[in-house]
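Chemist:
Number of protein chains: 2
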Amino acid sequence: MSEAQIIDGIAARLRKLGIAEGNGVITGIGDDCAVFRQKGTKADLIFTVDMMHEGIHFTWDADARDVGHVALTRSLSDCAAMGARPLFCLLSLAFPAEATQWVDGFLAGFTKLAGKYRVVLAGGDLSSTAKISCDVIVCGEVPRGRALLRSAARAGERICVSGPLGKAALALDTRGRFVPQARLELGQLLREQGVRCAMDLSDGLSQDLTRLCVASGCGAELTDVPIARGATLQHALHGGEDYELLFTLPKGKAVPEKCRVIGLITAGPAGVVTYHGQRLEPLGWDHFRPA
Amino acid sequence: MSEAQIIDGIAARLRKLGIAEGNGVITGIGDDCAVFRQKGTKADLIFTVDMMHEGIHFTWDADARDVGHVALTRSLSDCAAMGARPLFCLLSLAFPAEATQWVDGFLAGFTKLAGKYRVVLAGGDLSSTAKISCDVIVCGEVPRGRALLRSAARAGERICVSGPLGKAALALDTRGRFVPQARLELGQLLREQGVRCAMDLSDGLSQDLTRLCVASGCGAELTDVPIARGATLQHALHGGEDYELLFTLPKGKAVPEKCRVIGLITAGPAGVVTYHGQRLEPLGWDHFRPA
Numbered sequence: 000m001s002e003a004q005i006i007d008g009i010a011a012r013l014r015k016l017g018i019a020e021g022n023g024v025i026t027g028i029g030d031d032c033a034v035f036r037q038k039g040t041k042a043d044l045i046f047t048v049d050m051m052h053e054g055i056h057f058t059w060d061a062d063a064r065d066v067g068h069v070a071l072t073r074s075l076s077d078c079a080a081m082g083a084r085p086l087f088c089l090l091s092l093a094f095p096a097e098a099t100q101w102v103d104g105f106l107a108g109f110t111k112l113a114g115k116y117r118v119v120l121a122g123g124d125l126s127s128t129a130k131i132s133c134d135v136i137v138c139g140e141v142p143r144g145r146a147l148l149r150s151a152a153r154a155g156e157r158i159c160v161s162g163p164l165g166k167a168a169l170a171l172d173t174r175g176r177f178v179p180q181a182r183l184e185l186g187q188l189l190r191e192q193g194v195r196c197a198m199d200l201s202d203g204l205s206q207d208l209t210r211l212c213v214a215s216g217c218g219a220e221l222t223d224v225p226i227a228r229g230a231t232l233q234h235a236l237h238g239g240e241d242y243e244l245l246f247t248l249p250k251g252k253a254v255p256e257k258c259r260v261i262g263l264i265t266a267g268p269a270g271v272v273t274y275h276g277q278r279l280e281p282l283g284w285d286h287f288r289p290a
Numbered sequence: 000m001s002e003a004q005i006i007d008g009i010a011a012r013l014r015k016l017g018i019a020e021g022n023g024v025i026t027g028i029g030d031d032c033a034v035f036r037q038k039g040t041k042a043d044l045i046f047t048v049d050m051m052h053e054g055i056h057f058t059w060d061a062d063a064r065d066v067g068h069v070a071l072t073r074s075l076s077d078c079a080a081m082g083a084r085p086l087f088c089l090l091s092l093a094f095p096a097e098a099t100q101w102v103d104g105f106l107a108g109f110t111k112l113a114g115k116y117r118v119v120l121a122g123g124d125l126s127s128t129a130k131i132s133c134d135v136i137v138c139g140e141v142p143r144g145r146a147l148l149r150s151a152a153r154a155g156e157r158i159c160v161s162g163p164l165g166k167a168a169l170a171l172d173t174r175g176r177f178v179p180q181a182r183l184e185l186g187q188l189l190r191e192q193g194v195r196c197a198m199d200l201s202d203g204l205s206q207d208l209t210r211l212c213v214a215s216g217c218g219a220e221l222t223d224v225p226i227a228r229g230a231t232l233q234h235a236l237h238g239g240e241d242y243e244l245l246f247t248l249p250k251g252k253a254v255p256e257k258c259r260v261i262g263l264i265t266a267g268p269a270g271v272v273t274y275h276g277q278r279l280e281p282l283g284w285d286h287f288r289p290a
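Line by line, the protein sequences are chains E and X. The numbers in the first sequence follow numbering that gives the first Met the number 0, run straight up by one, and end at 290. The numbers in the second sequence follow numbering that gives the first Met the number 0, run straight up by one, and end at 290.
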């Protein structure tokens, strides 16, 4: 089973039980964030959660400050992809009791980034375990009804990315250092300029653009993918963890600074992405894809 | 370092950076839940998060449906302790790719309980890891300014629990089965009846009552602790995972049905709990207490 199949199974179960939406939840499972609306307010709240595990997402010898920075960046990037401003976060952290120095570094990296964007750390949970893992929840706000959704792409719109791709995959291959940044200012700017559809590139362009096309019921033709210096086309097409924004630009809208047009949204077939006319399989990161 | 010391260290770091409160967060680290207030609303939102790890909180051979039930119960119990109604939850779940049947059982137990209380499952995160772990976030609502706080106990108030204690510790000792229930209806009833201070018993009465006294700047005298059938006094005083509610009853308020008065809040010394006149050390669960 792929990750998408597991998620589809969960979503079906929730619909059957009547707990897929409601109680103020207007967008549930399937986008970068859940969207929640409280009575009497002018802003919607968005929620996202991202787990990291030692041995999967990072190794014991990684710089603890970098791991703390990345842990928060992953969730802030989802927030950016909704065009939202982050308000607060919660942090669940599990670690061996003797790893206090590592945890100190992790918290330094995490809270430095939280401080930069004035994200309040409102609570969390601590456990003692053999291996380190963490889970970061971010709540953000976005003007009512204006959250950027991955289901909002329309045929004819240009597909854009916020920067060259493949940096994280290159660093992984060369054991180099890459510290991603959440595109928070850009996400809010895109929303203000009338963009409706965005997501963040966490699992690789081929994987994530396919998900965007499935959610929007459309196809995509890629023509011009910007490759980070030193990286390969494969890094750029399939490498994850870049945390650039992927978005679609309605007709007449100018391409924002530093962003690049990489292709076109088509009428379909739904979920099919091509690169220079060839079918591009979603070969990015999937936790559950059979080997 | 104890868990409390680690949390105090984090809280100090946040205050220094100016990210301990604000952006709508009116109660941050230190209570059962964070409390958040959005402009224009009549209800506050409360947030809680609880992680569970295979080998720490449950074993591989435990009934997966029970584990799913308990995972949600732990967070719903925090919600109950705030006097709140749960609205939605997020679920982060990590498991070995081959554990699909186990996960199916986990989700059955989790969603059955979510369905019972109409808690929407709004999103989450999936990872593939060697060992199973999960993290559950619950958002609830409570009338503005009325969340029950562990810092609200006052000298002279009676201390109550919602039922006999030690059931979970007894089950652990005898390898029996104990499936806890979150006291959601009771939590909301207590709030409506004017109770201001509550918390849930997750780490044992001695540990949790000490935390309540520290937060409220008061002491406590225990006299009459109800012991579950078959359990010992030690189970009842120090055993965790019962998920009964601990609360204080202002003068003139009647003891709610099935609840029991177990002692009295005193002026202090702050954080000191006695049982029949003897100092009761906080010997409940602490992930980080040195052996």
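Heads up, the beta-carbon is just placed ideally off N, CA and C, and yes, glycines get one too.
Nearest CA to the CA of E:Glu140: which residue from E:Ile226, E:Phe246, E:Leu71 and E:Cys32?
Modeler: It is E:Cys32.
Chemist: Determine, for X:Met50, whether the minimum Cβ-Cβ distance to residues of chain E falls below 8 Å.
Modeler: At least one chain E Cβ lies under 8 Å of X:Met50.
Chemist: Buried or exposed for X:Asp49, please, with buried defined as at least 16 other CB atoms from any protein chain shown within 10 angstroms of its CB.
Modeler: That one is buried.
Chemist: Going along the chain, which residues of the segment 179-194 of chain X sit with their C-beta nearer than 7 Å to a C-beta in chain E?
Modeler: Against chain E - using a Cβ distance shorter than 7 Å - the segment 179-194 of chain X contributes no residues.
Chemist: Does the count of Cβ pairs from the segment 262-274 of chain X and the segment 211-231 of chain X closer than 8 Å reach three?
Modeler: Touching, per the Cβ criterion.
Chemist: Taking DSSP's pairing of strands, which residues face X:His52 in a bridge?
Modeler: In the DSSP output, where bridge partners are listed per residue, X:His52 has X:Ser132.
Chemist: Select from the segment 95-115 of chain E all residues with a C-beta closer than 7 Å to any C-beta belonging to chain X, and list them in chain order.
Modeler: The residues in question are Ala96, Thr99, Leu106, Thr110, Ala113 and Gly114.
Chemist: In the DSSP assignment, the alpha helix (DSSP H) including E:Phe287 goes from what residue to what residue?
Modeler: It is not in any alpha helix (DSSP H) - E:Phe287 carries neither H nor E in the DSSP assignment.
Chemist: Restricting to Cα atoms, I'd like to know which of E:Val34, E:Pro85 and E:Arg210 is closest to E:Asp285.
Modeler: Nearest option by C-alpha distance: E:Arg210.
Chemist: Using the Cα positions of E:Cys217 and E:Gly270, report the straight-line distance between them to the nearest angstrom.
Modeler: Straight-line Cα distance between these residues: approximately 6 Å.
Chemist: Using a C-beta to C-beta distance shorter than 8 Å, which residues of chain E count as neighbours of X:Leu120?
Modeler: Result: Ile9, Leu13, Ile18, Ala19, Gly27 and Ile28.
Chemist: Whole angstroms is fine: what's the gap from E:His234's alpha carbon to E:Ala253's?
Modeler: So the alpha carbons of these two residues sit roughly 28 Å apart.
Chemist: Taking the C-alpha atoms as reference points, what is the distance between X:Gly82 and E:Leu112?
Modeler: Using only the alpha carbons, I get a separation of about 33 Å.
Chemist: Is there a Cβ of chain E sitting closer than 8 Å to that of X:Ala93, yes or no?
Modeler: Judged by the 8 Å Cβ criterion, X:Ala93 is in contact with chain E.
Chemist: Who are the neighbours of E:Asp124 on chain X, taking C-beta pairs under 9 Å?
Modeler: In chain order: Thr47, Val48, Asp49, Met50 and Asp134.
Chemist: Buried or exposed for E:Gln277, please, with buried defined as at least 16 other CB atoms from any protein chain shown within 10 angstroms of its CB.
Modeler: E:Gln277 is exposed by the Cβ-count criterion.
Chemist: What's the call for X:Glu280, buried or exposed, on a 16-neighbour Cβ count within 10 Å?
Modeler: So X:Glu280 counts as exposed.
Chemist: Can you name, in chain order, every residue of its own chain whose Cβ lies under 7 Å from the Cβ of E:Asp124, other than the five neighbours on each side?
Modeler: Only Ser91 meet the Cβ criterion.
Chemist: Comparing alpha-carbon positions, which option in E:Phe287, E:His68 and E:Leu236 lies nearest E:His275?
Modeler: That would be E:Leu236, whose Cα lies nearest to the Cα of E:His275.
Chemist: Beta-carbon within less than 8 Å of E:Ala290's beta-carbon, same chain only, minus the 5 sequence neighbours each way: which residues are those?
Modeler: Caution applies to E:Ala290, whose pLDDT of 49 falls short of 50 and renders its modelled position unreliable; the model cannot decide the point.
Chemist: Can you tell me whether E:His17 is buried or exposed? The criterion is at least 16 other CB atoms within 10 Å of its CB, across all chains shown.
Modeler: In the sequence on display, residue 17 of chain E carries Gly and not His. Its Cβ having fewer than 16 others within 10 Å, E:Gly17 is exposed.
Chemist: My assumption, with CB atoms under 8 Å, is that E:Leu244 sits in contact with E:Leu185. Please give the rounded CB distance.
Modeler: 6 Å between Cβ atoms; contact.
Chemist: With 8 Å set as the bound, which would you pick, yes or no: does the beta-carbon of X:Met81 sit closer than that to a beta-carbon of chain E?
Modeler: No, its Cβ sits nowhere closer than 8 Å to a Cβ of chain E.
Chemist: Can you find the residues in the same chain that come closer than 6 Å, C-beta to C-beta, to X:Gly8, ignoring five residues on each side of it along the sequence?
Modeler: Within the same chain, X:Gly8 has no close Cβ partners at all.
Chemist: Can you give me the C-alpha to C-alpha distance between X:Thr58 and E:Ser127, rounded to a whole angstrom?
Modeler: Those two C-alpha atoms are separated by around 15 Å.
Chemist: Kindly list the residues whose CB is nearer than 6 Å to the CB of X:Cys258, restricted to its own chain and excluding five residues on each side of it in sequence; keep chain order.
Modeler: Hits under 6 Å: Cys159 and Ser161.
Chemist: Tell me whether X:Thr231 sits in a helix, a strand or coil according to DSSP, three-state version.
Modeler: Reduced to three states, the DSSP call for X:Thr231 is coil.
Chemist: X:Val66 CB to nearest chain E CB: under 8 Å?
Modeler: No - not a single Cβ of chain E is within 8 Å of the one on X:Val66.
Chemist: So which residues on chain E does X:Val24 lean against when the C-beta distance must stay under 8 Å?
Modeler: By Cβ distance, chain E contributes Leu86, Phe87, Val119 and Ala121.
Chemist: Who are E:Pro85's beta bridge partners in DSSP?
Modeler: DSSP output for E:Pro85 lists E:Gly139 as bridge partner(s).
Chemist: Check whether the segment 167-180 of chain X touches the segment 190-198 of chain X, taking contact to mean three or more Cβ pairs, one atom from each stretch, closer than 8 Å.
Modeler: The segment 167-180 of chain X, when compared against the segment 190-198 of chain X, does not touch it at the 8 Å Cβ threshold.
Chemist: Check whether chain E comes within 8 Å of X:His237, counting only Cβ atoms and requiring the distance to be less than that.
Modeler: No, because no Cβ of chain E sits closer than 8 Å to the Cβ of X:His237.
Chemist: Would you say E:Ala33 faces chain X, with C-beta separation under 8 Å as the test?
Modeler: So yes, E:Ala33 belongs to the interface.
Chemist: From the DSSP output, which residues share a beta bridge with X:Gly218?
Modeler: DSSP, once it has assigned bridges, lists X:Thr265 as partnering X:Gly218.
Chemist: The alpha helix (DSSP H) with E:Cys196 in it runs from where to where?
Modeler: Looking at the DSSP string, E:Cys196 is not in any alpha helix (DSSP H); the run it does join, the beta strand (DSSP E), is Cys196 to Asp199.
Chemist: Taking contact to mean 3 or more Cβ pairs, one atom from each stretch, closer than 8 Å, check whether the segment 128-135 of chain X and the segment 93-103 of chain X are in contact.
Modeler: These segments touch.
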